[in-house]
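The structure appears right after this line, and notes come after that.
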Amino acid sequence: MFFIVVYILVYQLIGNLGYLKFDAAQNTVRLTLQEPTAGCNPNDVGCKDSFAPLSHLPYCCAQNSSCKTNDDGSCSCDYRPTFKDYNCTWLSGTSAAAIRESSIVVSTFLHEYTMTLNTSCFTSYPSAAPSCDELYIVQEKAQAFTADVESFTLLIDHSVTSPKSGLATTSRDMQGLLFVGPNGNDGSEASAIKAGLCSSSSDAVDAPRNGRATDKAPCYLKPNSAGGLDFFAIGTLLQAAGVSLESESYPGSGHSARYEGITINLNIDYSNSIPWHGLQANISYLYKPSVIPRSTFKTTEVTPLSLDGVHMLKKSLHGVLFEVRAGGQLAIFDFTQLLLQLTTSLTLLALATVGVNIMAQYVLRYRHYYSEALYDRTADFDNISFLERQSEDQLRQELRDRNLPQSGTRERMILRLMEYGYRPSSTASLSFRSERAALASAPDV
Ligand SMILES: *[C@@H]1O[C@H](CO)[C@@H](O)[C@H](O)[C@H]1NC(C)=O
Ligand SMILES: *[C@@H]1O[C@H](CO)[C@@H](O)[C@H](O)[C@H]1NC(C)=O
Ligand SMILES: *[C@@H]1O[C@H](CO)[C@@H](O)[C@H](O)[C@H]1NC(C)=O
Ligand SMILES: *[C@@H]1O[C@H](CO)[C@@H](O)[C@H](O)[C@H]1NC(C)=O
């Protein structure tokens, strides 16, 4: 019984926050990609970019004897024997990104084609000719890796709401951390990448609240901040998801993830309550990136090159898709919830009592004794009015005659007599007895 009360009061109510009503968090997000700069806004005059030189990027073709050019526009370099290299290109953040409602594609490999409409397919444009063998004449124009894409930064401006609780806050008014740790399907390579990120980050802590500095996974990292908004290097997000663009995309692809693209879910887990600690004043969040194993990603953009639509430029962007989702739950205090929790608990308590009684009466070895003990027969109340009329001294005398203790209040004494099975013999005998008592107390003559 005691344990049930402890379970209900301590565990369910205080530990599991049984007095709060939880509602799933929803969010809106704005994503912005920026090329690496010397700590300035690329829109500002005189803001210098800080790309790594191509000689530091092994996936780019070098114009020296280390690399030999292939027919398909790639090259094979002896410093990166696993995969083919391609020419690299410098891109700004805007041109390397394709932004959707809650996701962003960070282009890592760009494939460009020019498409020219075959005029023989039309009698007079746009009326079709009777047959058409090849509508567009496609010519490959360029293919290139985005140089130093890991140093680009992704700014995440988000806000959270939960309609039922009426809470709504933007990320400027919240604090959050990047979670680097296991997510269930990590291989040894992913674990090693995550551990590497934790040990190379000087500000890594081992818990979201009051964490201590650590150099092991799992760890939590503070985002970089620009005007109260969070941003991360693409490389950091990839490492936190446990992937490298330099590993093979999927078995048998023969290309790196940099060439094929990859899909990453960026979950933002919101919370404003902590088990055992209750509601918090501020909402906090955790970024939890996770990769979809063996995934690839590509998106295509077509832009007209001439006004009549005859010449088109087609761009295939292979890259990292970051799909942002809201997770977690926001809580508010709710009296109905508290009441519901207590009612459930009381029902549990009642059920337990019934269970114990059934065991005691029908199952256990000494059940006959238990059921006698459970149903305490109350005394016969027939004589209560008679006893009520007696004086306290008379009651004491009655008790003494039956060798019963004479302590306690008047009511206790009466009850004790009734439990003993007291019956008044007759009014006469009682008065006789009191006479006798009077005689006994009188001095000897
Ligand atoms: C060619 O250039 C790359 C980097 O740009 C360098 O790592 C490599 O050593 C060079 N090879 C030769 C033979 O100079
Ligand atoms: C790669 O770049 C070199 C010069 O930088 C150029 O000669 C070569 O044609 C380029 N390759 C492709 C496929 O564009
Ligand atoms: C253009 O279309 C015609 C008719 O379908 C076809 O015979 C011809 O080969 C096409 N031209 C090219 C360059 O593909
Ligand atoms: C809540 O956030 C505000 C503004 O961001 C901050 O001043 C305050 O200290 C925070 N409160 C707690 C308990 O963290």
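Mind the numbering: the sequence shown is residues -18 to -1, 1 to 427 in mature numbering (1 follows the signal peptide of the UniProt record, and there is no 0), read in order.
The beta-carbon is built from N, C-alpha and C at its ideal position, and this holds for glycine as well.
Checklist entry - Between T278 and I246, which are expected to be in contact by the criterion C-beta below 8 Å, what is the C-beta distance as a whole number of angstroms? => result Working through the sequence shown from its first residue, we reach residue 278 at position 296. Working through the sequence shown from its first residue, we reach residue 246 at position 264. Going by Cβ atoms, the distance from T278 to I246 rounds to 12 Å, so no, they are not a contact pair.
Checklist entry - Under a CB-based cut-off of 8 Å, is A7 close to chain C? => result Although the question refers to chain C, the structure presented lacks it and comprises just one protein chain.
Checklist entry - Which residues in the same chain have their Cβ closer than 8 Å to the Cβ of S413, if we skip the five residues on either side of it in sequence? => result In the sequence shown, the residue the question calls residue 413 occupies position 431. For S413, the predicted structure reports a pLDDT of 49, less than 50, and the residue's modelled location is therefore unreliable. The matter cannot be settled from this model.
Next on the checklist: Taking 7 Å as the cut-off, is the beta-carbon of M46 closer than that to any non-hydrogen atom of ligand 1?
Outcome noted: The residue given as residue 46 occupies position 64 in the sequence shown. The sequence shown places Asn at residue 46, rather than the Met named in the question. Yes - ligand 1 has a heavy atom lying nearer than 7 Å to the Cβ of N46.
Checklist entry - Between which two residues does the alpha helix (DSSP H) containing L219 stretch? => result Start at 1 with the first residue of the sequence shown, and residue 219 comes out as number 237. Taken as a continuous stretch (DSSP letters only), the alpha helix (DSSP H) holding L219 covers 216 to 222.
Next on the checklist: Would you say the beta carbon of S113 is closer than 7 Å to some non-hydrogen atom of ligand 3?
Outcome noted: Walking along the sequence shown from the start, residue 113 turns up at place 131. Checking every heavy atom of ligand 3 against the Cβ of S113, one is found closer than 7 Å.
Item to check | Any non-hydrogen atom of ligand 3 closer than 7 Å to I119 Cβ | outcome: Within the sequence shown, numbered from 1, the residue matching residue 119 stands at position 137. Yes, Cβ of I119 sits closer than 7 Å to a heavy atom of ligand 3.
Checklist entry - Where does G234 fall in DSSP's three states? => result Mapped onto the sequence shown, residue 234 falls at position 252. Coil at G234, not helix or strand.
Checklist entry - Does any heavy atom of ligand 3 sit closer than 7 Å to the C-beta of E102? => result Within the sequence shown, residue 102 is the residue found at index 120, counting from 1. In the sequence under discussion, the amino acid at residue 102 is Ser, which differs from the Glu named in the question. Yes, ligand 3 has a heavy atom inside 7 Å of this Cβ.
Checklist entry - Looking at Y41 and ligand 5, is the gap between the Cβ and the nearest heavy atom below 7 Å? => result In the structure on display, ligand 5 does not appear, and the ligands it does have are ligand 1, ligand 2, ligand 3 and ligand 4.
Next on the checklist: Within 10 Å of its beta-carbon, does M156 have 16 or more other beta-carbons around it, so buried, or fewer, so exposed?
Outcome noted: The sequence position of residue 156 within the sequence shown is 174, counting from 1. By the neighbour-count rule (16 or more Cβ atoms within 10 Å), M156 is buried.
Item to check | Host alpha helix (DSSP H) of G75 (start-end) | outcome: Here residue 75 refers to the residue found at position 93 when the sequence shown is read from its first residue. Looking at the DSSP string, the run of the alpha helix (DSSP H) that includes G75 is 75 to 78.
Checklist entry - Between which two residues does the beta strand (DSSP E) containing G301 stretch? => result Sequence index remark: in the sequence shown, residue 301 carries index 319 (1-based). Element bounds for G301: 293 to 315.
Next on the checklist: Suppose the cutoff is 7 Å on Cβ atoms and the five residues either side in sequence are ignored; what does the same chain contact list for D197 look like?
Outcome noted: Counted from its first residue, the sequence shown places residue 197 at position 215. Here the set comprises C180, S181, A186.
Next on the checklist: Under 7 Å: does the beta carbon of E116 sit that close to some heavy atom of ligand 3?
Outcome noted: Reading the sequence shown from its first residue, position 134 is the one you call residue 116. Correct: E116 has its Cβ closer than 7 Å to ligand 3.
Checklist entry - Looking only at DSSP bridge pairs, what is residue 430 linked to? => result Since the displayed the chain opens at -18 and closes at 427, residue 430 lies outside it and no answer follows.
Checklist entry - What whole-angstrom Cβ distance do L377 and R392 have, given they're in contact under 8 Å? => result The residue given as residue 377 occupies position 395 in the sequence shown. The residue given as residue 392 occupies position 410 in the sequence shown. Going by Cβ atoms, the distance from L377 to R392 rounds to 7 Å, so yes, they are a contact pair.
Checklist entry - Mind checking R194: buried by the 16 CB within 10 Å criterion, or exposed? => result Within the sequence shown, numbered from 1, the residue matching residue 194 stands at position 212. Classification for R194: exposed.
Next on the checklist: Rounded to whole angstroms, what is the Cα-Cα separation between Q45 and L15?
Outcome noted: Reading the sequence shown from its first residue, position 63 is the one you call residue 45. Reading the sequence shown from its first residue, position 33 is the one you call residue 15. Each residue's Cα considered, the two are about 30 Å apart.
Checklist entry - Whose C-alpha, out of Q221, R276, A20, V(-13), is nearest the C-alpha of F161? => result Mapped onto the sequence shown, residue 161 falls at position 179. Closest by alpha carbon: Q221.
Checklist entry - Does DSSP put S173 in a helix, in a strand, or in coil? => result On the sequence shown, position 191 is the one that residue 173 refers to. In the structure shown, S173 sits in a helix (DSSP, three-state: H, G or I).
Item to check | Inter-residue Cα distance where the pair is M(-18) and P257 | outcome: Along the sequence shown, read from residue 1 onward, the residue named residue -18 stands at position 1. Along the sequence shown, read from residue 1 onward, the residue named residue 257 stands at position 275. Cα to Cα, M(-18) sits roughly 24 Å from P257.
Checklist entry - Would you report the Cα separation of V(-9) and H300, rounded to the nearest angstrom? => result Along the sequence shown, one-based indexing puts residue -9 at 10. Along the sequence shown, one-based indexing puts residue 300 at 318. C-alpha separation (whole angstroms): 53 Å.
Next on the checklist: Suppose the cutoff is 8 Å on Cβ atoms and the five residues either side in sequence are ignored; what does the same chain contact list for V427 look like?
Outcome noted: To locate residue 427, count along the sequence shown from 1; it is residue 445. Caution is warranted here: a pLDDT of 46 is assigned to V427, below 50, making its placement in the model unreliable, and the coordinate value is therefore given only provisionally. No residues qualify anywhere along the chain.
Item to check | Near ligand 1: Y107 beta-carbon under 7 Å from a heavy atom | outcome: For the purposes of this step, residue 107 is taken as the residue at position 125 of the sequence shown. Outside the cutoff, so no.
Checklist entry - Secondary structure at G158, three-state DSSP: helix, strand or coil? => result Residue numbering aside, residue 158 sits at position 176 when the sequence shown is read from its first letter. Looking at G158 - three-state DSSP - the assignment turns out to be strand.
Checklist entry - S272 bridges to which residues according to DSSP? => result For the purposes of this step, residue 272 is identified with residue 290 of the sequence shown, where counting begins at 1. The partner list for S272 (beta bridge, DSSP) reads N247.
Checklist entry - Can you tell which of E230, P205, L397, C114 has its C-alpha closest to the C-alpha of P63? => result Locating residue 63 in the sequence shown gives position 81, counting from the first residue. Comparing Cα-Cα distances from P63 to each of E230, P205, L397, C114, the minimum goes to E230.
Item to check | Through-space distance from H93 to E283, alpha-carbon basis | outcome: Position 301 of the sequence shown, counted from the first residue, corresponds to residue 283. Position 111 of the sequence shown, counted from the first residue, corresponds to residue 93. In a straight line, the C-alpha of E283 is about 11 Å away from that of H93.
Checklist entry - Does the separation of the CB atoms of Q8 and G(-1) fall below 8 Å? => result Taking the sequence shown and counting its residues from 1, one reaches residue 8 at position 26. Taking the sequence shown and counting its residues from 1, one reaches residue -1 at position 18. Not closer than 8 Å, so no.
Checklist entry - If we call anything under 8 Å between Cβ atoms a contact, is Q388 one with L381? => result As a first step, residue 388 is located in the sequence shown; it is residue number 406 there, counting from the start. As a first step, residue 381 is located in the sequence shown; it is residue number 399 there, counting from the start. Result yes, Cβ atoms of Q388 and L381 sit closer than 8 Å.
Checklist entry - Got a sec: does ligand 2 put a non-hydrogen atom nearer than 7 Å to the Cβ of N69? => result Start at 1 with the first residue of the sequence shown, and residue 69 comes out as number 87. Checking the Cβ of N69 against ligand 2 gives yes.
Item to check | S153 in three-state terms, based on DSSP | outcome: In the sequence shown, residue 153 corresponds to position 171, counting from 1. If DSSP states are grouped into helix, strand and coil, S153 belongs with the helices.
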